[in-house]
Structure formats: C-alpha cells, structure tokens
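Okay, structure first, notes after.
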Amino acid sequence: MAKTPPSAGRPGRQLLVLALVSVILFALTFFSGTAGMSWTERLMPRLGMDLVGGTRVTLLAATEDGQAPSGDALERAREIIESRVNALGVEEAEVVSEGDNRIVVSVAGEPENALRSVGDPAELRFRKVLDQDFGWAPPTGAPDDGTGEDGEEGTDDESEPAEDAEEAEPAEEAEEDTGGTGGQADDQADRDSAGSREWGTVEERRAAVREKISDEAMAAALAIVDPNMADPTVDTDALLEAVRPFGELTGPEVAVLPAKLQFYLPTITCAQLNARPAGSIADPDELAVACDEEGITKYLLDTSKVLGTDIAGADAVLPAGTARWEIALRFTSDGQPKWTDLTREALNNHQATPFDVTQLAMDVVIDEETGEWRFDTSPEAAEQANRYQADVEWLQCGAQSVGNQGNCLVAAVLDNRVISAPEIQAVITGDARIHGDFTAAEAQVLASQLRFGALPLTFEPQEEQTISATLGVEYLRAGLLAAAIGMALVVLYVFFYYRLLGVVILGSLIVSSLLTYAALVVLGRGIGYTLTLAGIAGFIVAVGIAADSFVIYFERLKDEIREGRTPRSAVPRAWIRARRTIITANVVTLMAAVVLYLLSAGQVRGFAFALGLATVLDLLVVFTFRHPLMTMLARTRAFLSPTVSGLGRALELDRAQRARLRAQGKEVEA
Amino acid sequence: MSGETVSPPSQPTGGKRQSWAARLYLGQAGIKIHEWRRRLFVIAAALVVISLGSIAIRGFSFGIEFVGGNAFHVPAEVGTLIEVEEAVADAGAVVVSGQELGGSDPQYMIRTLELDSAETDRIRTELAERFGIDASQISDDRVSAAWGGQVTRQALIALSVFLALVIIYLIIRFEARAAIAAVTSLFLDIVVTAGLYSLIGFEVTPATVIGFLTIMGFGLYDAVVAFDKVHENTKDITASATDTYPEAANLAINQVLIRSINTSVVALLPVGALLFIGAGLLGAGTLKDLGLVLFIGMAVSFYSSLFFAAPLLIELKLRQPRFAAHTQRVLAKRAAQAAREARQREERTARGDAEPEPATRLTLDPALVELAGAAPKVGARPVHSRRSGRRRSSGARRG
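For the record, the sequence lines run as chains A and B. Counting from -2, one number per residue, gives the positions in the first sequence under my numbering. Counting from 18, one number per residue, gives the positions in the second sequence under my numbering.
Quick look at the structure:
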C-alpha cells in the first residue's frame, strides 16, 4: 500500500502528457476545419440557439399505440426533415434525433418561423373517393360540438360534386379546373384541439366514448348507417336527434369510432375529424373517412393503393405560356404500376362493384338482449374493422362523387386530411400533373407535401422556441457571469482555507478552463456539439467537482502529514489513497452524466454532456497537472509553513493539541 | 458555513480546549453517530413523512412545460408590463401571468395558455406591429402539455438505470450493505428535496427534473467519500479487538466531516452563483431552476451522507454475524479490562491512593481503556482527542 508509484518522483513526465494533450487540442482548434475559416470562426465554440438567438422545434413521433417507432423509421424521418429544412434555404440548421422517438430541429441565428412546419404531419396516402358529403346541416339547429365548431361548416348542398375539384391527368395534356384555396377554417379546429394533445390510449378513448354515447344514441347511429337495422317506425328526425351526442366527442374520441359512423353520422363534423390524432387513418388496408383542409367536404375513401413512399418527387411548375401553377408528380419504379392501376380503376368505374355499406365491417356491437353497445375488442373484430368484407377487386365510387368527366376522384390524404382530390382524366402510365387554380405559394406547399409525404412517421411538435438575438446574448452573458462568479467564489474559498496552496486549485481551474474551451471548439467542429445555456450550467456545476477532487487529495495529505510523515513521502501516499476516492467519485458523476445524456429528453442532454466532458477533463487535470504540481511543491520549504500553506496550519494545530495533552498528562503525573 | 470551519491559524497552546472549528478541522468534532443512530433514524423518518405528506396533500406547482402553454419575451423598452399584457390579450391569447425579467436588456415575459404554431406566429407579428419593433426581437416558447410528461418519463427511466448501475458499481467497489445504505440515503435525498419543493411551493419545470437527476450523482459522491474512509478504517477490524465496527465507523465520519463540509461548500459555491444569476438577474428560466434544485439537493445530500447513510451502514453491518460477534468480543474484552482496572483501583484505594477517575467512565470509553496502560489518563478530556492519538498509532502500525 505504501509503495511509491513509479511516476511519483517524476512530475515532469506527467506534465509532459498534459502539455502534449493541450498542444494537440489547441492545434486542432487552430488548424482543423475548412481552409476558408476566419480566425474568429476558428476560435468560436459552436453556440446553441438559446445563446445567439434562433429557433428550436422538438418533434415527438406520434404512434397510435404510444410505442416508440423503429430506429430506421426515425432516421428516415430525420433525413426527410433535414431535407425539408434545407429546402427552406436555412443555413446552419441542425436536425438530430434524440432518444428513440424525438427529432430536434434547431437553427441558430435569426428566428426562423418556417421551421415550425417542417415536422408537420405528412403521411401520404392516395385513396379513391367512394363517396362524399358536403357538410350537412342537421335538422334541428347546429350540434353542440365540444371540440369547437368553426361555424363555417358547409351548407352548400347545392354545389355540384366535382365542381370544385382539381384534376389529375397525364403530364402532357392540359386541362384545368378551379382548385381549392388554402385552408383557414381548419386552423380553428387545430387550435381547439391543441389543449388536448395528450389524447390517451385507444382503450382510454374507447372508454370515454362508451361514457358519452348512450345505448339509445348508438342504436340510432347504427340505424342511420345500416339500412338493415333501421326501424321503420322511427322517423329520420328522431334518429338525427338521438345521435346528437356524437357531436360532443373530441377528435381523438371520434378517431376510435368505426369509419362507417364517422362518415354517415351527420353530427360528426369535419372539425372533429380534422382534430383526430395524427396517424388515425394510417392503415392502408382500411377504408377511411377524411375531410378536406377547409373542413367542408367529408370523404369516404377506399383502401390506399398508392402510398407516399411510391412518390419519387413533386414539383410546382408553371408551364410555359400559362399563368397557372401545376404540380408535377413523379413515381418510383415500384410506385408507377400501382399508380397506373389506380388511374385505370378510377377510369373504369362502370366495371367496379357497387359499394355496399353493410359489407364494411365495424367493431361496435349491440347486445341483442340488453340493448347495450360495446366495442368488440376480439382480435378478429379488430383485424376486420373498417375493412370491406366481400372480396371485390374494385369498389365503385358513388354517383355523387365523380368528376366532370364521370371519372372517379383520387384523394391525396395527408394524415387525416384530404389535401387534394383531383379527378382522374386518363390512365396515367408516366408522370402525373395536378391542375387547379393554385397560387404559386399553394402549389409550392402542395408539392412539398406530396414530395415529403414519404415521411414514415407523424410528429407532434412538443416544444417550439424562438429566441431573439438580444435575449440570446443576455443568456450568454448571464451564463458566463455565473461561471465567473462561481469560479471566483471557489478560488476565494480555497485561498482562505488552504492559503497559498489555493494557487494549485487556481492553476488547475485555469488549465481546466483552457482545455474545456479548446475541447468545445474542437467538438463543435468535429461532432457538431453546440454549447447551450444548460451546457454552461453543466460546466459551472463541474467547477465544484474539480475543486472537490482537490479537497479530497488535500485532506488526505493533511492526514498523512499529521501521522508524522515528511511532505515528500506524504504526497505519494496521500495520492494513492485520494486517487481511489477521486476516481470513484468521478466515475459516479460520469455515470450520472452518461445515463442522463443517453436517456433524457430536452435540454438536459447539453447539461449532461458538459458535466461528463468536464468530469473527464478533471480526471486528466488531476492526474497530469495537480498531482505533479503537488509533488514539486512538496520539495519546497514553504509547503509546511503555517503562514503560507493550509497544511502547515493543520500541523500547527495538531502540534498544539499534542503539546497541550502532554502538558495535561504531566500535570496529572506531577 | 465556510466561516465556521476556519479557525485562527495559531491556537493558544495553554488554552483548556480548542475551539469547535479547530477540532472540526482536526477531525475531532465529537460527533457520535453510532450512539445517535436511533435518533438520526427518527429524524430521517420524520423528514420522509413530512415530505411525503406534503407531496400527497399539497402536490407540486408545475411549470408551463407540464400543463402546456406559451411564453412570449418582449423587450421592456416597448412600454409597461400592463400594456404588453393587454397587447397579448388583444391579439387573442389568454394571458396567464406577466413578469419583468432583469438583466442588462430587460424583458417582459408573458405566459399564455397553449396556442398552436400558426397562432403563436400571428401573435408575434401582431405584437411587433403594435409596438413598432421587428418580430425577430420577440422571443417565444411554446410547450405542449405532453412535453413535461415526456421529460419526466425519460427522467424516471434514467433514474432507474442510474440506480441499477450505481448499485452494481457500489457492490463491486464496497459491498452489498454499503450499496444499500448509499442508495437508501439517495432515496432520502430525493424524497426530502421533492418534499421541500412541495412544501415551499417552488415551481417544478423540466430543468428541475434534470437537476434532480444530478443530485443523485452528488448524493452518492458524498456517500462515497464518507464510505471510503469508513471502509479504510474498518478494513482489518475483525483481526484486532480494540474497536467495534460502530466506533471505527464513527471515527471515520468525524475524520471525514471537514472534508465533507469542504466538498459541499466548494460544490455549493458555483451552484449558488448559478442560482444568484438565474434568480436574481434573469428572474426565471433554466439557470434558476437548475440552480435552485441543485442547491437544495446538495445541502440535503450533505446531511444525509453523514447522518443517515453512515448510521444506516453501521446498523446494517451489525446485522452481519461477523461484525456482531466481533462487537460482542470487543465489549467482552473491555468488560474484563474494566473489571481488572476496578480490581487494581480497589487495591489502590485500599492503599489509600487518590483515584480521580470514576470507574464507569472507563467501561464506557474504549479509547481510555486502550490508553490506560500507556499513561495515566485522568480528568474529563474529550474522548475524540484520544481517538486521534490512537489513530495515529494505528496508522503507524499500518505503515
């Protein structure tokens, strides 16, 4: 135990290691990076958006069952979001995945509002429109809609079904129609649902629905949607009155209802449907219900035969000699035949099997004896829900929902909404074009929605932060000030307590700071580490850790010297014992930092990284700077002088005590 | 705290007793955690009961991150706080609170109920127009209600993983009983810190949760430093019969006390600076939340590592047959020694010698017993001074 470590007598060697590390770090600081960097660029650590101003958006992948998405899917989504951000022309954007279900987009510099939408839902499905319903005024007043009625809900029954639709056709042909204009109405539904982003599991929502919908209401609902169950003695008005409770469901609750009810119950509004959680109708094999962006038209949609992943690209184009924007759609080699088949299906509606509502399975059952209704949670029911039971190749689209030329419409469904429902004008074997009365901006938006529709996940923004440049500077200044005060206090304390030995701490804090700074610059360039306010907090906390390891070492030394050793022999002995404690303590801190970094969410990671980095650097400084310095100091006379070093004072106190004890002992003996 | 630990450099040698600070400095504070065990456990239990009670009854006051909401930072130069609040309300948001934040560039922070992205953007634009400033001068923060939950969920996962790792590490480093004691005291830290938050009503934000996790590191750090010394002092204890485990452990705590105080002070100083700047200068935000939770947590863990973890370790060790038997043996030896001393004293009394030391003291004070042979010890001297003397000699033996 008392063995002197071989290096103890050669402090020079350890200092050399430190010098080497420093030289490498600073060489990297000055000379790494691209050639064109200015000196200030080279010498600036990468500062996070909260210190220089900017925007940060944290997106949480939303899955129906609340499970984490697969790593592949998250990475693909990250790449797509990154390309979206780059498409915005934003420089220096950082898109990183965090944990197993989050993507953080941050841009330092000026606040960038466009960033807010990069994670917008974009699970794209192409579905043939089977039927549509242009808003339907209930017979007795407006339904009392708990999720917020937008008031503009359409009453334009008289409008011709396809009058408002866009058209899709082979790229070469040109035919246009009036297009839908940008949606404002749905914003209202968005806002109203914003408070309820925590929508609970499917089970919880089912329970809530079961609570709100009485047996009578459900019986009436089924009577409306299913001709076989209708009771001829009850008139329609009474039925409609009975299903009014459905209007009080929230979006997330509506999402667990069978598609059949969602579509045919007039009291379920577009506002409710548009407030369904992202991903509610993602299953391509189920029939689905969705509204357009304006919240006017409710569509009953076929299974999805072309997915967002089948799209190779979409661009807003302005054909030469026209003033009308179009969207050019290209398909992947896999997707092209699917699209061709879909257009063929849309064009040959007469060959399709008429849609029979009773064939559409649902998972709501009514007990024949008691009249109570419940969700059928058996696996078979869950499997078959919203699927068409009869084995048919094509389902006919209803007479209400064909375009001007009598062809079916194909809806592009982004998440829960129909963003475009053009009439198919030909069997399209190549690229497709969507015509409509688009403005340039609308065309751009639609094209980008279609282009990035391949996003494999849907996201909910969890945290959006924009920080003005002045506030950022303010934070940076406050952080640095806190760091300076913290360091100054520690240095004052150690000088007070350890006297001139405080120089050793001051020295090692300076060395630590320089190394930390260089590491920040190098890591910022190398792995893109950005220093955030939380990171600064981490470094400040680490000042305590650095001083701690000195305290441990010093107190050990004090023990050894009081046991009567000379400083020269006490230093290596104390070092061996203190080393063990220092390493243990630092390992615990490092462990906390690593666990925090890997598992936590949000700004913690910056904090944890800083704490971990500082702990590692502290170990380096303890081994290669503080210990050799102490070894060298131990050879000086001043080391034990009470006025110069705290060690001397310890000795003096101890001696005084022993002398007193001796004196007392003598007193007694005498 | 720092003031008390520092004594004048030279004590008058003729003084009867050294100052408390000097004794502390020398590791002789006279703390007897092995004897105060029961009392310390009662205090710990009371703290836990109060904390849990407060958490159950009062709960926590959660920040916007947990309920969802927006916060707008508007430069204070645009007008008064009332005007800005009105402007935000006029723009269509429901204002929850308004606050002026300090610093060299003061800002108003207006909190509102949660708005969606488009709405947030619109309000920023409207505010900028109304006050004639650029929209980029207004900062905003929008947090969904789910976010706080997400942060907390991740924090709990991190907590579990960390605890598991730490238990494994401590078992390897010390042994199972030390690991149990350290981790139990960690739980005490966490519960008491949470209890203080609940009792005082400090706002809980995700930054608080983060800080919470960091406390765990510090709580263990303190315990490790203390246990390390205990471990060293008790390493070969069963081989000799001079000290019982509790006594040796207590000695370690006394020796480590000054180190623990120093460690805690140097850890608390930077955190205090963080708190000072965060709460005093900025008024709100990450720095304040982190600083506050770390400050409270570190103070609590300083207490618990010495006055809960160590006695708990002693208690657990005494359940171990080896140490229980050893303690019995030491006490038995001491009783025999005391009996012998008593006999000698009787003989001396019979010879008419003066005997100033009461017999009971001898049986109670092991150090005295040990030193009794070397020099005649008399008078009511602090027990610890002899401890230190013996420790020196044992140290010399080891060397």
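We put the beta carbon where it would ideally sit given N, CA and C, even for glycine.
Item to check | the stretch 316 to 328 of chain B: positions lying closer than 7 Å to chain A by Cβ | outcome: For the stretch 316 to 328 of chain B, which is checked against every Cβ of chain A, not one residue is closer than 7 Å.
Checklist entry - Going by alpha carbons, who is nearest to Leu473 (chain A) out of A:Ser546, A:Leu610, A:Lys302 and A:Thr529? => result Comparing alpha carbon positions, the residue from A:Ser546, A:Leu610, A:Lys302 and A:Thr529 closest to Leu473 (chain A) is A:Thr529.
Checklist entry - Apart from the five residues on each side of it in sequence, which residues of its chain come closer than 7 Å, Cβ to Cβ, to Lys334 (chain B)? => result Excluding the 5 residues flanking it on each side, Lys334 (chain B) has same chain C-beta neighbours closer than 7 Å at Arg194, Tyr262 and Phe340, in chain order.
Next on the checklist: Using C-beta distances below 7 Å, list every residue in its chain close to Thr201 (chain B), excluding the 5 sequence neighbours before and after it, in chain order.
Outcome noted: The residues are Leu329.
Checklist entry - Taking the beta strand (DSSP E) that Pro92 (chain B) falls in, what are its first and last residues? => result Counting along the chain, the beta strand (DSSP E) containing Pro92 (chain B) begins and ends at Gly86 to Pro92.
Checklist entry - Using a C-beta cutoff of 8 Å, does Gly234 (chain B) count as contacting chain A? => result Chain A, which has a Cβ nearer than 8 Å to the Cβ of Gly234 (chain B), makes this yes.
Checklist entry - When the Cα of Arg371 (chain A) is compared with those of A:Ala205, A:Gln397 and A:Glu557, which residue comes out closest? => result Ranking the options by Cα distance to Arg371 (chain A), first place goes to A:Ala205.
Checklist entry - Under 8 Å between C-beta atoms, does Met588 (chain A) make it to chain B? => result So yes, Met588 (chain A) belongs to the interface.
Next on the checklist: Runs of 4 residues minimum, wholly inside the stretch 422 to 463 of chain A: which ones carry the alpha helix (DSSP H) assignment?
Outcome noted: Correct list: 437 to 448.
Item to check | Residues that Pro458 (chain A) contacts on chain B, provided the C-beta gap is smaller than 8 Å | outcome: Contact note: Pro458 (chain A) reaches chain B through Ser134, Arg159 and Ser161, using a C-beta cutoff of 8 Å and chain order.
Item to check | Cross-chain neighbours of Val288 (chain B) in chain A, by beta carbon under 8 Å | outcome: Simply Gly483, Ile537, Val538 and Gly541.
Checklist entry - For the 8 Å Cβ check, are there 3 or more pairs between the stretch 269 to 280 of chain B and the stretch 353 to 364 of chain B? => result Contact between the stretch 269 to 280 of chain B and the stretch 353 to 364 of chain B is absent, because fewer than three Cβ pairs lie under 8 Å.
Checklist entry - At a Cβ threshold of 8 Å, is Arg623 (chain A) touching chain B? => result The beta-carbon of Arg623 (chain A) is placed no less than 8 Å from the nearest beta-carbon of chain B.
Checklist entry - Can you name the residues of chain B whose CB is closer than 8 Å to the CB of Leu486 (chain A)? => result By Cβ distance, chain B contributes Leu286, Pro287, Gly289 and Ala290.
Item to check | Straight-line gap, Arg336 (chain B) to Glu200 (chain A) (C-alpha atoms, nearest Å) | outcome: C-alpha separation (whole angstroms): 49 Å.
Checklist entry - In chain A, what lies closer than 8 Å to Arg190 (chain B) by C-beta? => result Per Cβ cutoff of 8 Å: Thr581.
Item to check | Ala186 (chain A) to Thr210 (chain B) span [Cα, whole Å] | outcome: Confidence in Ala186 (chain A) is poor, its pLDDT being 38 and thus under 50, which makes the residue's placement unreliable; the coordinate value appears in the next sentence. One C-alpha to the other measures close to 42 Å.
Checklist entry - Enumerated in chain order, which unbroken segments of the alpha helix (DSSP H) with a length of 4 residues or greater are wholly contained in the stretch 293 to 360 of chain B? => result Secondary structure remark: continuous alpha helix (DSSP H) runs of at least 4 residues inside the stretch 293 to 360 of chain B, in chain order: 303 to 321 and 327 to 335.
Item to check | Three-way DSSP call (helix, strand, coil) for Asp151 (chain B) in this model | outcome: Of the three classes helix, strand and coil, the one that applies to Asp151 (chain B) here is coil, per DSSP.
Checklist entry - Using a C-beta to C-beta distance shorter than 8 Å, which residues of chain A count as neighbours of Arg276 (chain B)? => result Simply Val548, Ile549 and Glu552.
Next on the checklist: At the 8 Å Cβ level, is Tyr125 (chain B) part of the contact set with chain A, yes or no?
Outcome noted: Interface residue (Cβ-Cβ distance to chain A less than 8 Å): Tyr125 (chain B) is not classified as such.
Checklist entry - What's the gap between the Cα of Ala589 (chain A) and the Cα of Thr222 (chain B)? => result The alpha-carbon atoms of Ala589 (chain A) and Thr222 (chain B) are separated by roughly 20 Å.
Checklist entry - What is the residue span of the beta strand (DSSP E) that Cys288 (chain A) lies within? => result Element bounds for Cys288 (chain A): Ala285 to Asp289.
Checklist entry - Just by C-beta distance, which residues in the stretch 595 to 607 of chain A are closer than 9 Å to chain B? => result Answer in chain order: Leu595, Leu596, Ser597, Ala598, Gly599, Gln600, Val601, Phe604 and Ala605.
Checklist entry - Under a Cβ-count criterion, where at least 16 other Cβ atoms within 10 Å of its own Cβ denotes burial, should Leu489 (chain A) be classed as buried or exposed? => result Counting the other CB atoms within 10 Å of its CB gives Leu489 (chain A) a total below 16, which places it among the exposed residues.
Item to check | Start-to-end residues for the alpha helix (DSSP H) that takes in Phe229 (chain B) | outcome: First-last of the alpha helix (DSSP H) with Phe229 (chain B): Pro223 to Asn250.
Checklist entry - Whose CA, out of A:Ala607, A:Ile533 and A:Ala575, lies closest to the CA of Val548 (chain A)? => result For Val548 (chain A), the nearest C-alpha among the options comes from A:Ala575.
Next on the checklist: Just to confirm the assignment, what range does the beta strand (DSSP E) spanning Lys295 (chain A) have?
Outcome noted: Counting along the chain, the beta strand (DSSP E) containing Lys295 (chain A) begins and ends at Lys295 to Leu304.
Checklist entry - Taking the alpha-carbon positions, what's the Ala134 (chain A) to Glu439 (chain A) distance? => result Any answer about Ala134 (chain A) is weak, because its pLDDT of 38 lies below 50 and its placement is not dependable; what the coordinates show is given next. Separation of Ala134 (chain A) and Glu439 (chain A) (C-alpha to C-alpha, rounded to the nearest whole angstrom) is 30 Å.
Checklist entry - For the putative contact between Ser71 (chain B) and Leu203 (chain B), defined by C-beta atoms under 8 Å, what is the C-beta separation to the nearest angstrom? => result About 20 Å; that fails the 8 Å criterion.
Checklist entry - What is the DSSP secondary structure of Tyr186 (chain B), reduced to helix, strand or coil? => result Note: Tyr186 (chain B) maps to helix in three-state DSSP.
Next on the checklist: According to DSSP, simplified to helix, strand and coil, what is Trp336 (chain A)?
Outcome noted: Trp336 (chain A): helix per DSSP, three-state reduction.
Next on the checklist: Quick check on Gly9 (chain A): buried or exposed, where buried means 16 or more other Cβ atoms within 10 Å of its Cβ?
Outcome noted: It is exposed - the Cβ of Gly9 (chain A) has fewer than 16 other Cβ atoms within 10 Å.
Checklist entry - Does DSSP put Tyr385 (chain A) in a helix, in a strand, or in coil? => result The three-state secondary structure of Tyr385 (chain A), taken from DSSP, is strand.
Item to check | Ile308 (chain A) (DSSP reduced to helix, strand or coil) | outcome: Ile308 (chain A) falls in the strand class under three-state DSSP.
Next on the checklist: Once DSSP output is grouped into helix, strand and coil, what is the label at Glu369 (chain A)?
Outcome noted: DSSP places Glu369 (chain A) outside both helix and strand once states are collapsed to three, so it counts as coil.
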